[in-house]
Structures are given as structure tokens and as C-alpha cells.
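Protein chains in written order, with the working numbering: chain A, 1 to 118; chain B, 1 to 110.
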């Protein structure tokens with residue numbers, strides 16, 4: 001059973017960079033695509049992007065210019081950086097896994113609220 | 001890459017059935033058999049309920065079923081129970097290793 005846990009600052013100032021880390025336990029990090037998603041208050045889910053253990057990444061075209069997802073297999077962690085944030089980036093951020101060969105999110109972290117405000 | 005269209009809310013009485021629709025395009029819902037549905041209770045993480053249009057993960061009651069016709073996917077919940085009251089979101093593969101979600105539907109059990 002894969003378990004995911006997000007961590008990082010809950011408050012980020014406008015124009016700064018949002019940084020979050022997802023810690024993975026209970027599963028082989030090489031068997032999954034590791035994703036970040038977000039959900040603004042009262043709105044729907046939005047996929048941000050993924051990283052595979054091989055290092056390959058892909059991002060939502062609408063966020064691609066501001067997003068970097070990286071991984072540290074030795075620590076079984078992967079991270080999200082979102083630059084030049086505005087109030088529109090305020091959301092609950094989730095990390096989630098997709099098993100290789102599948103097209104659905106099978107395991108999710110509990111989510112962490114990030115507020116963008118001065 | 002636009003969001004999939006879901007009704008904002010649906011409701012049903014205990015024991016009855018409800019269906020939630022999810023409309024996309026030929027580039028997502030209509031183009032692939034990779035639609036999934038997620039249940040989300042307030043303040044909780046999403047939970048996978050249906051994947052690959054019609055398949056149920058282990059542990060999900062068979063009261064939950066999925067289908068697709070053209071560019072519209074549907075989630076049907078039969079024998080409604082109080083604990084089914086939640087938000088439901090659809091998600092579809094959209095090609096080029098990307099996915100798109102619906103805006104979510106709030107299910108109220110009357």
C-alpha cells in the first residue's frame with residue numbers, strides 16, 4: 001500500500017516560488033509516475049504534472065512555463081516548484097501516483113493548503 | 001485543454017439511483033477509454049471509484065458503475081446511501097501524457 005505525504009510552507013508571498021515535497025512509502029518508486037495536482041477552494045481538480053523515476057517529466061500546458069517537478073529516489077521523495085505565484089495559485093495541493101501503464105490516480109496524499117498572500 | 005463539463009449538483013433519495021454526466025471532446029473522453037471517477041468527502045483526498053470507463057477497484061461497492069457514449073461518460077450510483085453524499089469528479093486522458101478533470105458534481109442524498 002503506497003502512502004504519500006505532502007509537506008511545505010502553507011503561506012507564500014505573491015511573485016515568489018511555491019515549493020512542496022511529497023514523501024513516498026510502501027511502494028517501489030520505480031513502478032509509478034509521481035504526480036502533482038491542485039484544487040482551488042470550491043473548484044475542481046487540476047493536474048499539474050508528473051515525474052517518472054527515469055527522470056522524465058511532463059506538465060500541464062497551462063502551467064508549463066512556471067512548473068518544475070524533480071525527484072530524489074534515494075530519499076523516496078519528489079518535489080514541486082511553481083514560480084511567480086499569484087492569488088490564483090491558492091489551492092490544496094495533492095501528490096498522487098499513477099501505476100506504469102495505467103491512466104488513473106490510484107494513491108493520493110492527504111493534501112496541503114497553500115495560500116498565496118502578502 | 002478545457003475542463004470536462006459536469007453538472008454542479010445532483011440529488012437523490014436513499015435507495016434510488018443517480019447518474020452524473022461528464023462531457024468532453026473527441027480529444028479526451030471520446031478519444032480514449034481512459035475515464036476515471038473520484039469521490040471526495042469534505043476536507044478529504046479524492047478516492048478512485050471507477051477507472052478505464054467501467055472498471056471498479058477492489059473494495060468499491062458494485063452500486064457504482066461507469067459507462068461512456070461518444071464524448072460523454074457517466075457515473076451511476078444505485079441504491080443510494082447516506083455515505084455516498086460527496087463530490088464526484090471525472091478525469092480523462094487527453095493524449096500526450098496529459099489528463100483533464102471535470103469541475104466536480106456535488107451529490108446530495110435527500
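Just so you know, even glycine gets a beta-carbon here, dropped at the ideal spot from N, CA and C.
{"Item": "Cut-off 8 Å between Cβ atoms - residues of its own chain near residue 87 of chain A, not counting five sequence neighbours on either side", "Value": "14, 116, 117"}
{"Item": "Contact under 8 Å by Cβ, residue 8 of chain A with residue 34 of chain A", "Value": "no"}
{"Item": "Beta carbon proximity, residue 98 of chain B to chain A, threshold 8 Å", "Value": "yes"}
{"Item": "Local Cβ density within 10 Å of residue 62 of chain B, reported as buried at 16 or more and exposed below that", "Value": "exposed"}
{"Item": "Alpha-carbon spacing of residue 101 of chain B relative to residue 77 of chain B, whole angstroms", "Value": "20 Å"}
{"Item": "Residue-level contact to chain D via CB, residue 105 of chain A, 8 Å cutoff", "Value": "In the structure shown, chain D cannot be found, because the protein chains are A and B."}
{"Item": "8 Å contact criterion, which residue 37 of chain B and residue 88 of chain B should meet: CB distance rounded", "Value": "6 Å"}
{"Item": "CA nearest to the CA of residue 25 of chain B, picked from B:59, B:45, B:2", "Value": "B:2"}
{"Item": "Cβ-based burial, residue 54 of chain B [other Cβ within 10 Å; buried from 16]", "Value": "exposed"}
{"Item": "Supposed close pair residue 18 of chain B, residue 107 of chain B - CB separation, criterion 8 Å", "Value": "7 Å"}
{"Item": "Stretch-stretch touch, CB-based, cutoff 8 Å, three pairs: the segment 88 to 105 of chain A with the segment 24 to 33 of chain A", "Value": "yes"}
{"Item": "Contact set for residue 83 of chain A: own chain, Cβ-Cβ below 7 Å, skip 5 residues either direction", "Value": "17, 66"}
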